[in-house]
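Have a look at the structure below before the remarks.
In the working numbering, the protein residues as written are 1 to 678.
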C-alpha cells in the first residue's frame with residue numbers, strides 16, 4: 001500500500017520514480033481497488049500532475065463498467081467540481097470507458113463554464129457519441145465560441161436528426177449563426193452542412209435576412225438549390241436579394257450557378273426597381289425569361305430594355321422561345337421597329353418561317369411586304385443565311401416593288417439576287433414594266449429564263465414593243481453582252497436587229513466575230529461595226545486588232561481599211577512582236593501593198609512597229625516603203641534582236657536609192673548600233 005500512501009500524500013517525485021513498477025503490478029494483479037483508490041486520491045487531492053501520470057500509465061483501463069460502489073474517475077471530478085483535474089481527462093481519450101460516454105459532453109459544458117473552450121472542443125471531439133439531447137445542444141451553441149462550434153461541426157453533432165447548421169437555422173440561433181458566417185475557416189468547415197436543409201423549407205425572416213446579409217457564395221448556392229423561402233414574405237433568396245440586397249449581395253448571387261432555376265418574380269422585382277443591369281445579369285446566368293417582361297418592352301418600343309433582355313438570354317433557352325420570338329417579331333414589324341426586327345429575326349432560324357409561308361398574313365415577312373416596309377424587308381434579306389430562302393424573300397419583294405412601281409427598290413432588290421435562274425413571272429414583270437434601270441440591273445445580274453437573259457428572251461419571243469423600247473434606251477446595255485441575241489439575229493439573217501443590238505451599246509459577240517472572220521464572212525461584222533455608237537469607239541481596240549490580223553492574212557483591203565478606222569488607240573502595237581503586230585505581219589508576208597495601206601492609213605506614233613517593218617522592207621529591196629516608215633519616225637536602235645538591219649538593206653540596194661542610205665547615215669542612232677553596222 002506504500003504506492004497509494006505516496007499518492008495520497010501528493011508525493012509527486014516518488015510517484016514519478018515508482019509509477020512504472022506500480023502500474024505493472026496493478027495490471028498483472030488487476031487490483032481494481034488499488035487502481036481506483038490511486039486515481040481517486042489524485043482527484044480528491046486536486047493534483048492534476050499525479051492524475052496525468054496515472055492516466056498516462058493506464059490506471060483506468062481495467063475499469064469495465066460503473067457497477068461499483070466507487071464512482072467513475074471523471075464523474076468524481078465533475079461531482080467534486082474539481083476543475084483542476086477535469087481537463088486532464090480531455091488529453092487521454094484512450095482512457096475513456098463506455099461508462100463515461102455520457103460524461104464527456106457534461107465535461108465540455110463544465111469547460112465552457114470555466115472559459116476553457118479549447119478543452120471543451122477536445123471533450124466534444126473525443127466523445128464516441130454524436131447524438132445529444134436538445135438541452136445539451138442548446139447549451140453548447142450558447143457558448144457561441146468558434147472552438148466549440150468547430151468541434152461540433154467536425155464531430156457532426158446532431159440533435160433531433162439535425163446537424164448543427166440546420167438546428168441553428170431552425171431554432172433561430174442568430175448569434176451562433178452570425179459567428180459562423182463571420183468566421184471563414186469555420187464557415188468553410190461547416191458549409192456542407194447547409195446541404196441538409198430541407199427543400200422548399202421556410203425560414204424565419206430575421207434568420208433568412210442574416211443568411212443573405214453575409215453574402216457567402218457557398219451558402220447562397222445551397223439556399224438556392226434547396227429553394228428555401230422567407231417564412232413571412234415567401235420570397236426565395238434570389239427575390240430577397242433583388243428586393244433588398246446590397247451591391248455585394250447581388251454580386252455574390254450572380255456568382256452562383258442558376259442554370260436550372262426559374263425566378264420570374266425576381267425578374268419582375270428587378271423591373272419594378274428599374275434594375276435593367278440586374279435583369280441582364282440574371283438572364284446571362286441562366287434564369288429563364290419571364291415572357292411578359294419582354295412582351296411589354298417590345299409593345300412599348302422600349303428598345304433599350306428589349307434589346308438588352310434578348311441579348312442576355314442564354315442560347316439554350318432561346319431554342320425554347322422560337323414561337324414566342326416569332327410572335328414578338330410580328331409586333332416589332334407592325335411597329336416598324338428596325339432594331340428589334342433585326343435582333344428578333346436573328347434569334348430565329350430562317351427555316352422556322354418557311355418559304356411557302358411568306359405569302360400568308362401571319363408571317364412577319366409578309367406583314368413587312370404588305371406594309372411596303374422596305375427597310376425591314378432589306379433587314380430580313382440581309383440577315384437570312386439560307387440562300388434559297390433569301391432569294392425567295394427577294395423575289396417576293398421584287399414582285400411587290402414592280403407591281404407598285406417602286407423601281408429604285410426593285411433595282412436594289414435585283415442587286416441582292418444570288419440565284420440567277422428566274423421563273424417566267426419575274427421575267428415577264430420586268431419586261432412589262434421595262435424600266436431602264438431595272439432592265440439594266442437585271443442584265444448586269446445575268447438574270448435569265450431557260451438559259452436566256454432578258455434581251456435574248458425579248459429577241460427570241462419577238463417581243464417587238466419591249467425590244468424597241470429597250471434598244472432605243474441610250475446606254476442601257478453598255479458593257480453588257482447578249483451573245484444569244486446576236487446569234488439569233490445572225491442565224492435568222494436579221495441585219496436590222498443585229499444593227500439595233502450593236503447600236504444599243506452591247507459588247508461585240510467576239511466568239512461569233514472570230515468564227516465568221518476566220519471563214520471570211522465579213523459582211524455581218526462590218527455592218528455591226530459601222531452601227532456601233534461612236535461613244536464606244538476604242539472600247540474593243542485589242543479585239544479589233546485580232547480581226548485586223550485575220551484580214552491581213554486574207555489580204556482583204558476593204559476590211560482592213562474599215563478596221564483601221566475603228567481602232568482608235570494603236571499605241572499598244574509597239575508592244576506587239578512578230579506576226580501579232582499588223583505592220584510586221586504584212587512585211588513578213590512580203591505583202592507590200594497591204595503594208596503601203598497600213599502606212600497610208602495609220603498615223604499613230606508607234607516607232608518600234610515602224611522600225612521592224614522598215615528593216616524588213618529595206619532588206620527586201622522595198623526602199624520606198626522603208627523611206628516612208630523612216631519618215632513616220634521609225635526607230636531601229638533595237639532591231640538587233642531580230643538580226644535585221646535597215647542599214648544593211650540600204651547598202652545592198654544603194655543603187656536603187658542612195659538618198660535613203662544618206663538619210664540613214666544622217667539619222668542619229670546608238671553608237672553601239674553603228675559599231676554593229678560597220
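Ideal placement from N, C-alpha and C gives every residue a C-beta, glycine not left out.
Within 8 Å, strictly: CB atoms of residue i and residue j
i	j	result
residue 105	residue 136	yes
residue 517	residue 568	no
residue 714	residue 294	The question about residue 714 has no answer, for the chain in this structure spans 1 to 678.
residue 532	residue 562	no
residue 12	residue 50	yes
residue 344	residue 308	no
residue 231	residue 189	no
residue 148	residue 140	yes
residue 15	residue 76	no
residue 583	residue 609	yes
residue 463	residue 414	no
residue 235	residue 226	no
residue 176	residue 144	yes
residue 326	residue 348	yes
residue 400	residue 372	yes
residue 78	residue 108	no
residue 4	residue 38	yes
residue 169	residue 151	no
residue 488	residue 460	yes
residue 312	residue 284	yes
residue 555	residue 591	yes
residue 454	residue 442	yes
In DSSP terms, what residue i is bridged to
i	result
residue 131	158
residue 377	DSSP, once it has assigned bridges, lists no residue as partnering residue 377.
residue 448	421 and 453
residue 229	202 and 236
Best match in the options for proximity to residue i [C-alpha to C-alpha]
i	options	result
residue 626	595, 601, 602 and 604	595
residue 428	458, 416 and 445	458
residue 586	617, 608, 606 and 605	617
residue 113	301, 146 and 142	142
residue 632	605, 624 and 619	605
residue 421	397, 402 and 450	450
residue 379	346, 6 and 173	346
residue 255	120, 271 and 278	278
residue 336	220, 311, 298 and 320	298
residue 524	538, 83, 509 and 537	509
residue 179	385, 210 and 547	210
residue 589	620, 566 and 574	620
residue 333	301, 320, 151 and 318	301
residue 184	216, 204, 553 and 176	216
residue 58	19, 85 and 79	19
residue 221	461, 206, 233 and 197	197
residue 162	404, 132, 150 and 559	132
residue 559	513, 579 and 577	513
residue 271	248, 290, 257 and 284	290
residue 411	419, 389, 436 and 461	436
residue 280	454, 305 and 444	305
residue 330	319, 367, 244 and 87	367
residue 387	467, 419 and 575	419
residue 186	403, 288, 146 and 385	146
residue 213	246, 274 and 322	246
Nearest-angstrom beta carbon gap, residue j and residue i [assumed within contact, 8 Å]
i	j	result
residue 92	residue 56	7 Å
residue 370	residue 417	Rounded, the Cβ-Cβ distance is 22 Å, inconsistent with contact.
residue 339	residue 303	5 Å
residue 679	residue 224	Outside the shown range of the chain, which is 1 to 678, sits residue 679, and nothing can be said about it.
residue 376	residue 426	22 Å between Cβ atoms; not a contact.
residue 499	residue 527	6 Å
residue 242	residue 269	5 Å
residue 557	residue 597	6 Å
residue 218	residue 191	5 Å
Distance cut-off 7 Å: residue i Cβ against heavy atoms of the ligand HEM
i	result
residue 588	Among the ligands in the structure shown, none appear at all, so the ligand HEM cannot be discussed.
is_contact[residue i, chain D] using C-beta, thresh 8 Å
i	result
residue 216	Chain labels in this structure do not include chain D; a single protein chain is all it has.
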